[in-house]
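Student: Listed in order, the protein sequences are those of chains X and U. Per this note's numbering, residue 478 is the first one in the first sequence, and the count goes up by one each step. Per this note's numbering, residue 478 is the first one in the second sequence, and the count goes up by one each step. C-beta atoms are modelled at their ideal positions from N, C-alpha and C, and glycine is treated no differently. From a predicted model like this one, the values you see are computed outputs, not experimental measurements.
Number of protein chains: 2
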Amino acid sequence: MTQSTPREPLDLVLEYHRAWTKGDVDRAIKLVSEDFVCQAPTGALGREEMRKYLAGFVPRLTGIVDIAQFCDDAHVVLIYYPQTAVTQTTPAAEYFTIRDGLIAESLLMFDRLAYAPPKDV
Amino acid sequence: MTQSTPREPLDLVLEYHRAWTKGDVDRAIKLVSEDFVCQAPTGALGREEMRKYLAGFVPRLTGIVDIAQFCDDAHVVLIYYPQTAVTQTTPAAEYFTIRDGLIAESLLMFDRLAYAPPKDV
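Below, the structure is given as C-alpha cells:
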C-alpha cells in the first residue's frame with residue numbers, strides 16, 4: 478500500500494503526471510492508492526477506472542504544456558494544457574491529496590465541451 | 478490603472494473572489510486590470526465581458542465551498558465548489574496572474590456540462 482521510498486508530494490505527483498502523459502499509465506497508477514478516488518467531470522473514478530480513463534485518453538494526447546504547479550505538505554495542484562487534435566489551449570487543473578506516500582484523491586477540472594467533438598459529449 | 482494600496486496577490490484575489498461570490502460584481506471588477514483577459518470555457522473574456530459573465534452567474538449561485546488556495550509572488554490558484562441548483566460538488570479552479578497590483582489574467586477551469594441543464598449548453 479505504501480511506497481518503499483517515500484518522497485515529497487510534488488515529486489510524487491510530477492512522476493505520476495509525467496508517466497501518464499508519456500503513455501505509461503501502469504507506472505502512473507502504481508503511485509495511486511488502492512482506495513484512490515478521482516472526481517472527474519464524468520463522475521468518480523476508482524483506481525482501476527482511472528487506469529482505463531487515462532489509457533483511453535492517452536492516444537488522443539498530442540502534447541502537454543505545463544502552466545503551473547503548487548504544493549503544500551499533503552496537496553499538489555497542477556495546471557496544464559492537455560493538447561489534442563481538438564484543442565491546444567484548453568486548460569486542465571488537478572488537485573491531488575497525498576496520504577502515506579501515495580496519491581489518495583484528486584479533483585480533475587476541465588471543460589468536456591472544449592475537448593470533445595459534439596458527437597462524443 | 479493601479480491600486481492606491483498595493484496588497485499581496487492572495488489578499489487581492491480573495492477580495493475579488495469574496496466580492497463576486499457575495500454578488501458585488503462591480504467591486505470585484507475594480508480589482509481587475511483594464512486589459513484583463515479571462516480564458517473561460519466559453520472563450521476569452523475581457524474586463525467588461527467578465528463583469529457580464531459574473532453578473533449572469535451570480536443569480537444561479539446558491540453557495541460557495543472553498544477547497545484550496547495556493548500562491549506565489551505573482552500568481553494565485555483558487556479551487557472551490559461554486560454551488561448551483563444543478564450541482565453542489567463540481568469543482569472549479571481559477572489560476573490568476575497579478576500585475577501592478579491588479580488581476581491581469583485568469584484561467585477558469587470547470588466542466589460546463591456539469592453546471593448547465595442540457596438545454597443551456
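1. Less than 7 Å between the beta carbons of ARG589(U) and PRO536(U), yes or no?
2. Between ALA551(U) and the rest of its own chain, which residues show a CB-CB distance below 8 Å, the 5 nearest in sequence each way excluded?
3. Rounded to whole angstroms, what's the CA-CA distance from THR564(U) to PHE587(U)? Just pull it up for me.
4. Checking the sheet assignment: what are the DSSP bridge partners for GLU582(U)?
5. So for ALA569(U), helix, strand or coil by DSSP?
6. Going by DSSP, name the residue or residues bridged to TYR493(U).
7. Can a CB atom of chain U be found closer than 7 Å to the CB of ILE580(X)?
8. Quick check on the DSSP output: the beta strand (DSSP E) that includes ALA593(U) runs from which residue to which?
9. Out of ALA532(X), SER510(X) and PHE534(X), which one is the CA nearest neighbour of ARG524(X)?
10. Go through its chain and collect everything with a Cβ distance to ALA593(X)'s Cβ below 6 Å, but skip five positions before and after it.
11. According to the neighbour-count rule (16 or more other Cβ atoms, all chains shown, within 10 Å of its Cβ), is VAL553(X) buried or exposed?
12. Under 7 Å Cβ to Cβ from PRO559(U), same chain only, skipping five residues before and after it: list those, please.
13. Whole alpha helix (DSSP H) runs in the stretch 517-558 of chain X with 4 or more residues, listed along the chain?
14. In the DSSP assignment, the alpha helix (DSSP H) including VAL502(U) goes from what residue to what residue?
Tutor: Taking the definition as stated:
1. Numbered from its first residue, the second sequence carries residue 589(U) at position 112. Numbered from its first residue, the second sequence carries residue 536(U) at position 59. No.
2. Here residue 551(U) refers to the residue found at position 74 when the second sequence is read from its first residue. Excluding positions up to five away in sequence, the list reads PRO486, THR574, ILE575 and ARG576.
3. Here the question's residue 564(U) lines up with position 87 in the second sequence. Here the question's residue 587(U) lines up with position 110 in the second sequence. Approximately 12 Å, taken between the alpha carbons.
4. As a first step, residue 582(U) must be located in the second sequence, where it is residue number 105. Beta-bridge pairing by DSSP links GLU582(U) to VAL514(U) and THR574(U).
5. Locating residue 569(U) in the second sequence gives position 92, counting from the first residue. Note: ALA569(U) maps to strand in three-state DSSP.
6. For this step, residue 493(U) is matched to residue 16 along the second sequence. TYR493(U) pairs with nothing; no bridge assigned.
7. As a working note, residue 580(X) is residue 103 in the first sequence. No, its Cβ sits nowhere closer than 7 Å to a Cβ of chain U.
8. For the purposes of this step, residue 593(U) is identified with residue 116 of the second sequence, where counting begins at 1. First-last for ALA593(U): undefined, no H or E at that position.
9. The residue given as residue 524(X) occupies position 47 in the first sequence. ARG524(X) has its Cα closest to that of SER510(X), out of ALA532(X), SER510(X) and PHE534(X).
10. To locate residue 593(X), count along the first sequence from 1; it is residue 116. Excluding sequence neighbours, ALA593(X) sits near nothing in its chain.
11. Sequence index remark: in the first sequence, residue 553(X) carries index 76 (1-based). By the 10 Å Cβ count, VAL553(X) comes out buried.
12. For the purposes of this step, residue 559(U) is taken as residue 82 along the second sequence, with counting starting at 1. Answer for PRO559(U): LEU538, ILE541 and ALA569, listed in chain order.
13. As summarised for the stretch 517-558 of chain X, the continuous alpha helix (DSSP H) elements at least 4 residues long and confined to that stretch are 524-534, given in chain order.
14. On the second sequence, position 25 is the one that residue 502(U) refers to. First-last of the alpha helix (DSSP H) with VAL502(U): 502-506.
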